[in-house]
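Just so we're aligned: the sequence shown equals residues 4 to 329 in the numbering used here.
Each remark here refers to the structure printed beneath this line.
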Amino acid sequence: MKNLKKITSNIINPIITGIALTLIFATICHAQETVAGWVKYDKNPVLGGSFGTIFDITVLRDGDGYSMWSSWRPQKSVALSTSKNGLTWTDPVSVLTPNADNKWESDLNRPCVVKKGNLYHMWYTGQAAGKSWIGYATSTDGRAWTRMSKTPVLSAELAWEKTSVMCPSVIWDAKAGIYKMWYSGGEQYEPDAIGYATSTDGINWKKNTENPIFKNDPANKWEQAKVTACQVIKQKDGYLMFYIGFRDVDYAQIGAARSADGIHNWVRHPQNPLIRPGDGWDASAVYKPYAIFDGKQWLLWYNGRKGGKEQIGVVLHKGEDLVFGK
């Protein structure tokens with residue numbers, strides 16, 4: 004009997020040890036996908052799948068739920084999905100489609116939506132012939148959109164912007180009476196840096212003379228190639244930016260930075276990159292963050308890529324403090 008117990012022990016102990024090591028390894032690997040309190044939602048992705056590539060989104064707290072406008076690549080259009088909790092979304096429906104009369108917008112994507120009063124304002128990217136521009140449309144319900152200009156409201160004109168401007172992030176500053184836009188400029192396949200512009204009417208924009216106001220830091224390997232596709236949020240003590248950092252043109256991760264005025268002296272989060280590729284649906288890269296604090300936690304949506312397909316996932320962060328300086 005003693006020999007039997009010994010034999011059984013010799014068999015079971017290595018198995019238990021192996022299981023324990025596997026669980027520890029899995030936990031470590033999962034933890035490396037996020038830092039600083041961020042956790043990937045365990046039912047990701049939340050939008051994509053059979054709809055093909057869906058990427059670069061914008062989200063609003065809308066009524067008693069959320070509205071998400073996404074870039075729907077197979078349809079070359081901006082699509083709308085809705086959700087009660089930000090985690091379960093309705094199927095996308097195209098709400099802004101290419102306009103054959105405008106040669107600069109044969110493919111539409113990368114929207115930013117702001118609700119001011121009872122009117123929705125969308126700045127979006129129009130693409131054609133290897134170039135990108137930013138257009139502007141408005142809507143009373145977020146579904147039926149009217150273009151406010153036949154021509155782009157922002158174009159690549161400066162040397163650093165090269166062929167393309169895209170990925171607008173816009174806020175309305177009621178105190179100053181202006182719209183503030185952070186946009187990406189540079190290459191058509193992944194722009195290089197982030198610029199800033201202001202407007203009183205959403206159509207006529209004045210670019211900052213110090214552009215680009217946010218560039219990659221070559222000393223940080225994870226963003227050594229370029230930075231782009233930001234979301235900027237106005238807070239009581241300044242501006243919070245979530246952005247993509249590229250190690251190289253194909254490998255992207257998500258970081259954060261803060262600035263007192265939204266233009267100068269951006270301080271990066273000490274634990275960047277905050278969101279990193281995993282080992283499943285987002286194994287190749289993570290892109291285009293968009294975050295909302297719901298009063299208890301942050302929800303940050305992003306598009307993850309595996310091979311040539313992108314889908315939308317979400318990461319969560321309990322509490323408002325994002326532990327800058329810790």
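Glycine residues also receive a C-beta, built at the ideal position from the N, C-alpha and C atoms.
As computed with DSSP, serine 167 is found in a beta bridge with Ser135, Gly189.
If the five residues before and after aspartate 94 are omitted, its C-beta is found closer than 8 Å to the C-beta atoms of Phe54, Ser84, all from its own chain and listed in chain order.
Note on the region 91 to 164: there is no whole alpha helix (DSSP H) run with a minimum of 4 residues. The three-state reading of DSSP puts lysine 218 in coil, since its state is none of H, G, I, E or B. In this chain, the beta strand (DSSP E) harbouring asparagine 306 covers 300 to 309. When beta bridges are read from the DSSP output, glutamate 313 appears opposite Arg308. Beta bridge pairing from DSSP links tyrosine 44 with no other residue.
In the three-state scheme derived from DSSP, where H, G and I count as helix and E and B as strand, phenylalanine 54 is classed as helix.
Counting along the chain, the unbroken beta strand (DSSP E) around alanine 232 starts and ends at 229 to 238.
The region 209 to 225 and the region 287 to 294 do not touch, with fewer than three beta-carbon pairs separated by less than 8 Å. At the C-beta level, glycine 40 and lysine 299 stay beyond 8 Å of one another. Excluding residues up to 5 positions away in sequence, Ser287, Ala288 lie with their Cβ nearer than 6 Å to the Cβ of arginine 308 in the same chain.
Excluding residues up to 5 positions away in sequence, Gly248, Arg250, Gln256, Gly258, Asn275, Pro276 lie with their Cβ nearer than 8 Å to the Cβ of tryptophan 225 in the same chain. Cβ atoms of serine 135 and valine 168 come within 8 Å of each other, at about 6 Å. Valine 42 sits close to leucine 319, with the two beta carbons spaced by under 8 Å. Distance between glutamine 238 and leucine 99, taken at the CA atoms: about 30 Å.
Short of 8 Å from the beta carbon of serine 262, and not among the five residues preceding or following it, lie these beta carbons of its own chain, in chain order: Gly241, Tyr242, Met244, Asn268, Trp269, Val270. The C-beta of aspartate 104 has fewer than 16 other C-beta atoms within 10 Å across all chains shown, which makes the residue exposed.
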